[in-house]
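Asker:
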C-alpha cells in the first residue's frame, strides 16, 4: 500500500475504497492517510445536497440565504432530472397573481381536500396539509427571490381550478427555464454545484446519524461531510427498469420514459441501508407519449372523439378513461405498449387540428387516409380487423349500447367514426415519475421503519415518499420540490448551528 | 486501459504522420478549412486531452452568444430545455457531429 500511485489506484478501485474506509474510522497508517488524501480530501459543509434539480437547488439557495454553506452534488454534467422535461406548472393557492386576476373562489382547506381526494385519501395528510398551507409562500419565493416569471392563470376544471401557475418558458419548457433561473440564483450566491459527482454512499457515525456523503468524482472517491445534514433530492426511479420490475412488476418497466433517463433510484439505493421506511413504492404518474419523438398526445386522447385500437386493430381501452389511465393500461393490454388514436374528420373535434399541427411540427409520423382500408395499409393494421372494429363501434352507438362493447365505451356523448378523411395517431404508454421513496415528515426528515427520524437525513421532491399516491394535481411535483427542499434547508442550517 | 492505450498510440501515430505528410489524417472538419492548428485548441503536444468548453468559448462566445447567433433556427439548438450543453457533446471535431436532441426528438437540424 505504501507505494500506491494514482494509476495503481485506478487499477485496484476496491482497494482504494478499502483504504478510504479504514481512514474514515480513525486508525489510518501514515501511508493509508496519504492515500486517502490522494483519493480526495474530505470537505465539510452545513448541508450536502444530492441532485441539482428543483428540490436540490431550492434547498441550496435557502441554506445559503439562512447563513449556511451548502454544496450540491450532481452525477451528470448538468442538471438532468425530471424538472427540465416539465411543462412547468406550479400548483398553489392564495397567491398575489390569483388576487390580481380576481380568483378568490379557493381556500387552503379546499385545496387540501382536493389533494387528498386525488390521492384517494392515501397521501400523507400532514404532508398534504403542510403543502397546502405553504404553497403560496413557495410561489412568492420563486417570483421574488429567483425571478421566475409566470403566465396569466387560465382557469381549468376540477381539480386544477385557478391553482395552476404556469412558468413562462420564454421559448423552452417552463421546467427548463425554472432550472436555468435556480442555477443562476445559485451561481450568483457562489454556491458550489459539482458535476460528474455521484453520491454512492451515506456516511454515518457510530450512532448511525448521517454525517455526509461519499461520492465518485472525476478524481476518484471523495467524502463530503455535512454538519447539518444530507438532502436526498435525486428524484425517483422511473428510469430504473430493475426497480420498476421489483416494486411494480415487469409491465411497468415496459412503459416509455417521459422524463429524465437518469432518474435511477438513488433515493432508494442510498437510504435503504439505513432502514429508511420506503412508502408508495408501486405508485407513479403515467401519461401517453410518442417514444420516438416525445410528442405528448394527451389532448387528442382526451378530446372525446374516435377510438383507441391496437396494432392488431382491436379496441383495447375505454375511451372515456383519463389519459393517465389509458397510459397505465396500455402495456397491460398490448404486447407492444403501443396503440393508435383513430379519429375521423368530425369538425367538432376541438383537438384534431392542433394535434395534426403538433405531430407535423415535431416530425412525428401520423397517418391520414380517405378510407379505412387505406388507413389500415398505412398503419400496418390488418384492414379487415380495423373495419370490423369501427363498424362494431358505430353499430353499438346506433343501438345505444357502447357500454356493452368489450372493452366498454362509457363516453357521455360518443361520436361515430364515419367522416373521411380518417386519422391515426400512434402513441405509447409512458411513465412521468415515481411517487415512492423514503417517507418524510413535515420537516423533510426521513423516517425509518420504526417511525423514528434518521438524524441528519432529509429528502425532498420526487426522491421523497408520502405526499403523492395514485395521482397528483398537475403542478404539485414542482410545488412539492420547492416547498420541502426549502424546509430541509431551514432544518439543516438549524441543526448545523446546534452541532 | 489497453483500449485507451491503443487509441493514444493511434492518435499519436496519426499526428506524427501529419507533421511530415499532408494532408492531415485526423479529420478536423471546419477547423481545418479555416486553417486552425492543433495547438490553437490543444494545450499539450501531441494532443491527448479533450478540449475544455472555455477554449471553444474563447473564439465562438458562450452559450448565450451562440443562442443569439442561431436564434432564427427552429428550434434553436443553443437555447434548449437541457440547459448549457457543452459544445463537444454535439460538435465533434475529429468525427461526425451529432445532435443530442435526437436522443428524444426528430428535428431537421444539421450539426456542423
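Protein chains in written order, with this note's numbering: chain A, 1457 to 1955; chain B, 60 to 171. Note that the Cβ used here is the ideal one computed from N, Cα and C, for glycine as well.
Taking 7 Å as the threshold (beta carbon to beta carbon), is residue 1930 of chain A in contact with chain B?
Answerer: Looking up residue 1930 of chain A in the first chain gives position 474. No - not a single Cβ of chain B is within 7 Å of the one on residue 1930 of chain A.
Asker: In the DSSP assignment, find the unbroken beta strand (DSSP E) run with residue 1914 of chain A in it and report its ends.
Answerer: Counted from its first residue, the first chain places residue 1914 of chain A at position 458. Start and end: 1909-1915.
Asker: Specify whether the segment 1501-1513 of chain A and the segment 1871-1889 of chain A touch according to this definition: at least 3 beta carbon pairs, one from each stretch, less than 8 Å apart.
Answerer: The segment 1501-1513 of chain A vs the segment 1871-1889 of chain A: no contact.
Asker: Between residue 163 of chain B and chain A, is any beta-carbon pair separated by less than 7 Å?
Answerer: In the second chain, counting from the first residue as 1, residue 163 of chain B sits at position 104. Yes, residue 163 of chain B counts as interfacial toward chain A.
Asker: Do the segment 1602-1619 of chain A and the segment 1911-1921 of chain A meet, that is, are 3 or more Cβ pairs less than 8 Å apart?
Answerer: The segment 1602-1619 of chain A is not in contact with the segment 1911-1921 of chain A.
Asker: With distances taken from CA atoms, which of A/1645, A/1931, A/1805 is nearest residue 1567 of chain A?
Answerer: Position 111 of the first chain holds residue 1567 of chain A. It is A/1931.
Asker: Quick check on this structure: which residue in A/1698, A/1622, A/1777, A/1650 has the alpha carbon closest to the alpha carbon of residue 1719 of chain A?
Answerer: Taking the first chain and counting its residues from 1, one reaches residue 1719 of chain A at position 263. The shortest C-alpha separation from residue 1719 of chain A is found at A/1698.
Asker: Out of A/1726, A/1822, A/1911, A/1647, point me to the one whose CA is closest to residue 1517 of chain A's CA.
Answerer: Taking the first residue of the first chain as 1, we reach residue 1517 of chain A at position 61. The candidate whose alpha carbon is nearest that of residue 1517 of chain A is A/1647.
Asker: Report the residues of the segment 112-126 of chain B with a CB closer than 7 Å to any CB of chain A, ordered along the chain.
Answerer: Correct list: empty, as no residue qualifies.
Asker: May I ask you to verify whether the segment 1817-1832 of chain A touches the segment 1745-1753 of chain A, counting CB pairs closer than 8 Å and requiring at least 3?
Answerer: Contact between the segment 1817-1832 of chain A and the segment 1745-1753 of chain A is present, because at least three Cβ pairs lie under 8 Å.
Asker: Take residue 1740 of chain A as the anchor and find which of A/1772, A/1776, A/1564, A/1784 has the nearest alpha-carbon.
Answerer: As a working mapping, residue 1740 of chain A is identified with position 284 in the first chain. It is A/1784 whose Cα lies nearest to the Cα of residue 1740 of chain A.
Asker: Which term fits residue 1538 of chain A, buried or exposed, when burial requires 16 or more other beta carbons within 10 angstroms of its beta carbon?
Answerer: Taking the first residue of the first chain as position 1, residue 1538 of chain A is located at position 82. So residue 1538 of chain A ends up on the buried side.
Asker: Nearest to residue 1951 of chain A by alpha carbon, out of A/1652, A/1760, A/1683, A/1533?
Answerer: As a first step, residue 1951 of chain A must be located in the first chain, where it is residue number 495. Among A/1652, A/1760, A/1683, A/1533, the Cα nearest to that of residue 1951 of chain A belongs to A/1683.
Asker: Residues of chain A with CB under 7 Å from residue 145 of chain B, in chain order?
Answerer: By one-based count along the second chain, residue 145 of chain B stands at place 86. Within 7 Å Cβ-Cβ: 1533.
Asker: Nearest to residue 1642 of chain A by alpha carbon, out of A/1675, A/1797, A/1603, A/1878?
Answerer: Position 186 of the first chain, counted from the first residue, corresponds to residue 1642 of chain A. Residue A/1603 is the option with its Cα nearest to residue 1642 of chain A.
Asker: Rounded to the nearest angstrom, what separates residue 103 of chain B and residue 1622 of chain A at their Cα positions?
Answerer: Here the question's residue 103 of chain B lines up with position 44 in the second chain. Here the question's residue 1622 of chain A lines up with position 166 in the first chain. Whole-angstrom Cα-Cα distance: 49 Å.
Asker: Counting Cβ pairs closer than 8 Å, one from the segment 1787-1804 of chain A and one from the segment 1765-1772 of chain A, do we hit at least three?
Answerer: With the cut-off at 8 Å, the segment 1787-1804 of chain A and the segment 1765-1772 of chain A touch.
Asker: Terminal residues of the continuous alpha helix (DSSP H) containing residue 1952 of chain A?
Answerer: Residue 1952 of chain A sits at position 496 when you count from the first residue of the first chain. Per DSSP, residue 1952 of chain A belongs to the alpha helix (DSSP H) from 1932-1954.
Asker: Does the separation of the CB atoms of residue 1730 of chain A and residue 1910 of chain A fall below 7 Å?
Answerer: Sequence index remark: in the first chain, residue 1730 of chain A carries index 274 (1-based). Sequence index remark: in the first chain, residue 1910 of chain A carries index 454 (1-based). Cβ atoms of residue 1730 of chain A and residue 1910 of chain A: closer than 7 Å.
Asker: Can at least three beta-carbon pairs, one atom from the segment 1653-1668 of chain A and one from the segment 1936-1944 of chain A, be found at a separation below 8 Å?
Answerer: Segments in contact, no.
Asker: At least one CB of chain A closer than 7 Å to the CB of residue 137 of chain B: is that the case?
Answerer: One-based indexing of the second chain puts residue 137 of chain B at position 78. No, its Cβ sits nowhere closer than 7 Å to a Cβ of chain A.
Asker: Going by C-alpha distance, which of A/1521, A/1659, A/1555, A/1509 is nearest residue 1498 of chain A?
Answerer: Your numbering for residue 1498 of chain A matches position 42 in the first chain. Nearest option by C-alpha distance: A/1659.
Asker: What are the partner residues of residue 1677 of chain A, as DSSP defines its beta bridges?
Answerer: By one-based count along the first chain, residue 1677 of chain A stands at place 221. Looking at the DSSP assignment, residue 1677 of chain A forms a beta bridge with A/1672.
Asker: With contact counted as at least three CB pairs below 8 Å, one residue from each stretch, are the segment 1772-1782 of chain A and the segment 1752-1761 of chain A in contact?
Answerer: Flag = yes, the segment 1772-1782 of chain A and the segment 1752-1761 of chain A touch.
Asker: Taking the beta carbon of residue 1968 of chain A as the centre, do at least 16 other beta carbons fall within 10 Å, making it buried, or is it exposed?
Answerer: For residue 1968 of chain A there is no data in the structure shown, the boundaries of chain A being 1457 and 1955.
Asker: Candidates A/1882, A/1813, A/1584, A/1653: which alpha carbon is nearest residue 1921 of chain A's?
Answerer: Position 465 of the first chain, counted from the first residue, corresponds to residue 1921 of chain A. It is A/1584 whose Cα lies nearest to the Cα of residue 1921 of chain A.
Asker: State the start and end residues of the unbroken alpha helix (DSSP H) segment that holds residue 99 of chain B.
Answerer: Along the second chain, one-based indexing puts residue 99 of chain B at 40. Element bounds for residue 99 of chain B: 97-100.
Asker: Measure how close the beta-carbons of residue 1654 of chain A and residue 1573 of chain A come, nearest whole angstrom, since I'm counting them as under 8 Å.
Answerer: Taking the first residue of the first chain as position 1, residue 1654 of chain A is located at position 198. Taking the first residue of the first chain as position 1, residue 1573 of chain A is located at position 117. Not really, about 39 Å apart at Cβ, beyond 8 Å.
Asker: Compute the Euclidean distance between the alpha carbons of residue 1542 of chain A and residue 1628 of chain A, then round it to the nearest angstrom.
Answerer: What you label residue 1542 of chain A is simply residue 86 of the first chain in a count that begins at 1. What you label residue 1628 of chain A is simply residue 172 of the first chain in a count that begins at 1. When rounded, the distance between both Cα atoms is 10 Å.
Asker: For the segment 1666-1690 of chain A, which residues have a beta carbon sitting closer than 9 Å to at least one beta carbon of chain B?
Answerer: Going along the segment 1666-1690 of chain A in chain order, one finds no residue with a Cβ nearer than 9 Å to chain B.
Asker: Relative to the alpha-carbon of residue 1535 of chain A, which residue among A/1636, A/1556, A/1594, A/1562 has its alpha-carbon at the smallest distance?
Answerer: By one-based count along the first chain, residue 1535 of chain A stands at place 79. Here the closest residue by C-alpha is A/1636.
Asker: Please classify residue 153 of chain B as buried or exposed, where buried requires at least 16 neighbouring CB atoms within 10 angstroms.
Answerer: Within the second chain, residue 153 of chain B is the residue found at index 94, counting from 1. By the neighbour-count rule (16 or more Cβ atoms within 10 Å), residue 153 of chain B is not buried but exposed.
Asker: Quick check on this structure: which residue in A/1876, A/1709, A/1880 has the alpha carbon closest to the alpha carbon of residue 1837 of chain A?
Answerer: For the purposes of this step, residue 1837 of chain A is taken as the residue at position 381 of the first chain. Taking only the C-alpha atoms, the option nearest residue 1837 of chain A is A/1880.
Asker: Consider the Cβ of residue 150 of chain B: report whether some Cβ of chain A lies at a distance smaller than 7 Å.
Answerer: If you number the second chain from 1, residue 150 of chain B lands on position 91. By this cut-off, residue 150 of chain B is not an interface position.
Asker: So which residues of chain A does residue 167 of chain B contact, with C-beta pairs closer than 8 Å?
Answerer: For the purposes of this step, residue 167 of chain B is identified with residue 108 of the second chain, where counting begins at 1. Here the neighbours are 1819.
Asker: Determine whether the beta carbon atoms of residue 1524 of chain A and residue 1902 of chain A lie at a separation below 7 Å.
Answerer: In the first chain, the residue the question calls residue 1524 of chain A occupies position 68. In the first chain, the residue the question calls residue 1902 of chain A occupies position 446. Not a contact, by the Cβ cut-off of 7 Å.
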